[in-house]
Amino acid sequence: MFTAQDIALIEARGMSVEEVKQQIENFRRGFPSLPVVRAASGGDGVKQLDDNAVKSAEAYYAERVSSLRTLKFVPASGAATRMFKELFEYVNDDKRTPGIDKLIVNLEKFAFFAELAKFLKPQIEDKDVVRNIIIDGLAYGSKPKGLVTFHAYKEGARKPVEEHLVEAALYASNGERAAIHFTVSPEHQAGFEALLAERQRHYEEKFGVKYDVSFSIQSPATDTIAVNPDNTPFRTEDGKLLFRPAGHGALITNLDKLNADIIFVKNIDNVTTDERKADTITFKRVLAGELLRLQERLFELLRAYERGEDRDAEAVAFLRDELCCKLPENASRELIIATLDRPIRVCGMVKNEGEPGGGPFWVRDDEGREQLQIAESSQIAKEDIHLMKEATHFNPVDLVCGVMRYDGTKYDLTKYTDPKTGFISSKSAGGRELRAQELPGLWNGAMANWNTIFVEVPISTFSPVKVVQDLLRPEHQ
46 MFTAQDIALI
56 EARGMSVEEV
66 KQQIENFRRG
76 FPSLPVVRAA
86 SGGDGVKQLD
96 DNAVKSAEAY
106 YAERVSSLRT
116 LKFVPASGAA
126 TRMFKELFEY
136 VNDDKRTPGI
146 DKLIVNLEKF
156 AFFAELAKFL
166 KPQIEDKDVV
176 RNIIIDGLAY
186 GSKPKGLVTF
196 HAYKEGARKP
206 VEEHLVEAAL
216 YASNGERAAI
226 HFTVSPEHQA
236 GFEALLAERQ
246 RHYEEKFGVK
256 YDVSFSIQSP
266 ATDTIAVNPD
276 NTPFRTEDGK
286 LLFRPAGHGA
296 LITNLDKLNA
306 DIIFVKNIDN
316 VTTDERKADT
326 ITFKRVLAGE
336 LLRLQERLFE
346 LLRAYERGED
356 RDAEAVAFLR
366 DELCCKLPEN
376 ASRELIIATL
386 DRPIRVCGMV
396 KNEGEPGGGP
406 FWVRDDEGRE
416 QLQIAESSQI
426 AKEDIHLMKE
436 ATHFNPVDLV
446 CGVMRYDGTK
456 YDLTKYTDPK
466 TGFISSKSAG
476 GRELRAQELP
486 GLWNGAMANW
496 NTIFVEVPIS
506 TFSPVKVVQD
516 LLRPEHQ
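Residue numbering for the sequence shown follows the numbering used here, beginning at 46 and increasing consecutively.
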């Protein structure tokens with residue numbers, strides 16, 4: 046199947062021939078559907094905290110944060126092409142939509158207008174205005190979302206990278222240091238670094254913290270091979286194998302290289318203005334407090350087992366009542382301990398108001414455990430898709446993660462994924478059809494075997510920017 050040149054290319058990417066053969070086998074067999082039991086809901090997998098519980102969790106985190114290593118992890122790879130798709134269709138294909146009309150009419154309301162105005166001549170045509178947003182002028186069509194101007198303030202406009210610096214200072218700081226890690230594409234890292242060189246000190250002085258900013262790129266070793274429609278390896282015009290990024294689920298290897306007691310995970314485009322940040326700050330601290338409270342109990346049980354104590358009944362009840370994990374009847378002690386001894390995450394969930402995205406579900410795994418997972422519609426069998434429609438909550442990507450073990454060592458996060466999850470899509474390259482293989486998101490299959498807790502958070506904590514017109518929403522004005 047593979048030539049000596051192919052094998053050299055595979056190994057140069059940090060992959061093995063066996064891995065690539067398994068990927069091709071996945072194309073042939075397909076991925077099994079996720080064995081969902083039901084959608085998680087309020088009181089049945091989604092915790093709904095009252096005011097006292099919110100204050101208690103926030104206080105619990107506040108009391109402990111000064112002694113913790115905290116980190117904010119922000120997936121920020123890739124260009125913002127989807128955000129400006131409608132604009133490209135207008136410029137390239139003369140396809141004018143109501144969305145373009147809305148953009149032009151409200152142009153001065155966008156925070157980037159002051160920068161854009163420098164490139165606009167009197168009596169300029171609408172198409173040239175749009176061209177100066179995405180191709181010439183601002184050239185946002187080739188930049189990542191993190192470097193697009195989102196919000197206007199009296200002191201100057203901010204880009205998402207800056208809003209994440211602000212957030213890091215307000216909930217992911219131990220009082221002196223605020224660590225933040227961005228995953229970026231190699232071609233965009235210099236742009237991030239240039240912005241930070243210009244603006245980082247301003248925010249350090251504003252909030253009285255020192256930032257520790259780091260970057261990583263998605264490793265080529267996590268890519269997947271592309272195949273032809275008949276599932277044979279796709280080759281480029283020069284005869285080389287073609288590999289494609291396997292989606293942000295591959296970022297579990299980036300996350301695995303980071304050491305911190307508490308890791309906050311949030312997408313680059315989910316930011317809002319200062320006057321609307323209060324709920325975001327509060328509930329990030331609340332999620333962290335809940336994680337620390339549960340983790341403390343978890344660690345106590347694991348230490349008891351290490352001392353040889355019989356805590357089976359207590360552990361099973363704790364898993365069921367607090368960690369939302371129902372073990373099969375007469376579960377062995379080995380399974381009880383293995384279930385306790387896993388990375389843990391507390392995930393914010395918002396009430397379903399029609400936004401796209403995955404949701405919280407009860408899933409039964411190969412061990413017979415019924416536990417919580419975040420699932421996308423692509424992972425669910427057609428006969429179970431009604432469960433997606435019944436979901437009362439959805440996933441805004443609002444995670445707080447605990448990746449350290451009770452003995453101070455770190456979990457190997459790559460061992461807690463579900464290798465059976467993934468999905469296959471049709472793409473093209475060089476005008477030829479191909480099949481591509483992707484992993485479910487970082488918070489889906491890549492964290493499938495973590496202890497997972499869902500907590501309801503207000504919709505005000507969720508303000509993503511999927512298309513440029515979203516910047517006209519109140520949460521960005």
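Heads up, the beta-carbon is just placed ideally off N, CA and C, and yes, glycines get one too. The structure presented is a predicted model; accordingly, all values stated were derived computationally and were not measured.
* **Euclidean distance between Cα positions of residue 309 and residue 395** => Spanning the two alpha carbons is a distance of roughly 17 Å.
* **Simplified DSSP state of residue 375, which is helix, strand or coil** => In the three-state scheme derived from DSSP, where H, G and I count as helix and E and B as strand, residue 375 is classed as coil.
* So is residue 522 buried or exposed if we call it buried at 16+ other beta carbons inside 10 Å? -> Residue burial is scored here from C-beta neighbours: residue 522 has fewer than 16 other C-beta atoms within 10 angstroms and is therefore classed as exposed.
* Between the Cα of residue 530 and those of 427, 205, 231 and 297, spot the shortest distance and give me the residue it belongs to. => For the chain, the structure presents residues 46 to 522; residue 530 sits outside this window and is missing.
* **Local conformation of residue 286 per DSSP, three classes** => The DSSP-derived three-state label of residue 286 is strand.
* Asked: Exposed or buried, what is residue 524 when buried is set at 16 or more other beta-carbons lying within 10 Å of its beta-carbon?
  -> Given a span of 46 to 522 for the chain in the structure shown, any question on residue 524 remains unanswerable.
* Cβ pair residue 259, residue 299 closer than 7 Å -> Residue 299 sits away from residue 259, with the two beta carbons spaced by 7 Å or more.
* Nearest to residue 180 (by Cα), restricted to the options 205, 219, 196 and 136 -> Ranking 205, 219, 196 and 136 by Cα distance to residue 180 puts 136 first.
* Asked: How about residue 192 and residue 204: are their beta carbons less than 7 Å apart?
  -> Judged by beta-carbon spacing, residue 204 lies within the 7 Å limit of residue 192, meaning their Cβ atoms are closer than that value.
* Relative to the C-alpha of residue 419, which residue among 493, 466 and 94 is closest? -> The candidate whose alpha carbon is nearest that of residue 419 is 493.
* C-alpha gap between residue 55 and residue 457, whole angstroms -> Residue 55 and residue 457: Cα-Cα distance of roughly 24 Å.
* Given a cut-off of 7 Å, decide if residue 496 and residue 438 are closer than it, judged by their beta-carbon atoms. => Cβ distance not < 7 Å, so residue 438 and residue 496 don't count as in contact.
* Using a threshold of 7 Å, state whether the C-beta atoms of residue 353 and residue 485 are closer than that. => The answer is no: Cβ separation not under 7 Å.
* To do: In angstroms with no decimal places, state the Cα-to-Cα distance between residue 302 and residue 233.
  => In a straight line, the C-alpha of residue 302 is about 21 Å away from that of residue 233.
* To do: Write down every uninterrupted run of the alpha helix (DSSP H) in the segment 114-200 whose length is 4 residues or greater and which is fully enclosed by it, in chain order.
  => Runs of the alpha helix (DSSP H) inside the segment 114-200: 130-138, 143-150, 158-161 and 171-179.
* Quick one, are the C-beta atoms of residue 504 and residue 447 less than 7 Å apart? -> The answer is no: Cβ separation not under 7 Å.
* To do: Could you please give the first and the last residue of the uninterrupted beta strand (DSSP E) stretch that includes residue 205?
  => Where residue 205 is concerned, there is no enclosing beta strand (DSSP E), although the alpha helix (DSSP H) it sits in stretches over 205-216.
* Asked: Hey, quick one: how far does the beta strand (DSSP E) through residue 226 stretch, first residue to last?
  -> Counting along the chain, the unbroken beta strand (DSSP E) around residue 226 starts and ends at 222-228.
* **residue 492 in three-state terms, based on DSSP** => Looking at residue 492 - three-state DSSP - the assignment turns out to be helix.
* **Contacting residues, own chain, Cβ-Cβ under 8 Å from residue 91 (five flanking each side not counted)** => 85, 394, 405, 437, 438, 499, 500 and 501.
* Find the nearest neighbour of residue 107 within the set 96, 280 and 220, judged by alpha-carbon distance. => Checking every option, the nearest Cα to that of residue 107 belongs to 220.
* What three-state label does DSSP hand residue 61 in the structure shown? -> Three-state DSSP puts residue 61 in coil, outside helix and strand.
* To do: Mark residue 151 as exposed unless 16 or more other C-beta atoms lie within 10 angstroms of its C-beta, in which case mark it buried.
  => Here residue 151 is exposed: its Cβ has fewer than 16 other Cβ atoms, across all protein chains shown, within 10 Å.
* residue 116: which of 237, 187, 305 and 104 sits nearest, CA to CA? -> Closest in C-alpha terms to residue 116, from the list 237, 187, 305 and 104, comes 305.
* Residue range of the beta strand (DSSP E) that residue 415 falls in? -> Where residue 415 is concerned, the enclosing beta strand (DSSP E) starts and stops at 415-420.
* Asked: Going straight from the alpha carbon of residue 280 to that of residue 509, what length do you get?
  -> Taking the straight line joining both Cα atoms gives about 37 Å.
* **Whether residue 291 touches residue 269 by CB criterion (7 Å)** => In this structure, residue 291 lies near residue 269, with their beta-carbon atoms less than 7 Å apart.
* With distances taken from CA atoms, which of 380, 331 and 272 is nearest residue 105? -> Out of 380, 331 and 272, the CA that lies nearest to the CA of residue 105 is found in 331.
* Alpha-carbon to alpha-carbon, residue 99 and residue 481 -> In this structure, the alpha-carbon of residue 481 lies about 43 Å from that of residue 99.
* **Bridge partner(s) assigned by DSSP for residue 482** => 469, per the DSSP bridge assignment.
* **7 Å Cβ cutoff met for residue 173 and residue 149** => Taking 7 Å as the Cβ cut-off, residue 173 and residue 149 do not qualify as a contacting pair.
* To do: Check each candidate in 163, 318 and 286 and name the one with the smallest Cα separation from residue 58.
  => Nearest C-alpha to residue 58: 286.
* Within the segment 229-275, ranges of the alpha helix (DSSP H) (whole runs, at least 4 residues) -> For the alpha helix (DSSP H) assignment, the uninterrupted runs of no fewer than 4 residues enclosed by the segment 229-275 are, from N- to C-terminal side, 234-252.
* Burial state of residue 463 (16 or more Cβ within 10 Å) -> Buried, by the Cβ-count rule.
* Check each candidate in 424, 226 and 411 and name the one with the smallest Cα separation from residue 76. => Taking the Cα of residue 76 as reference, the smallest distance to any Cα among 424, 226 and 411 is reached at 424.
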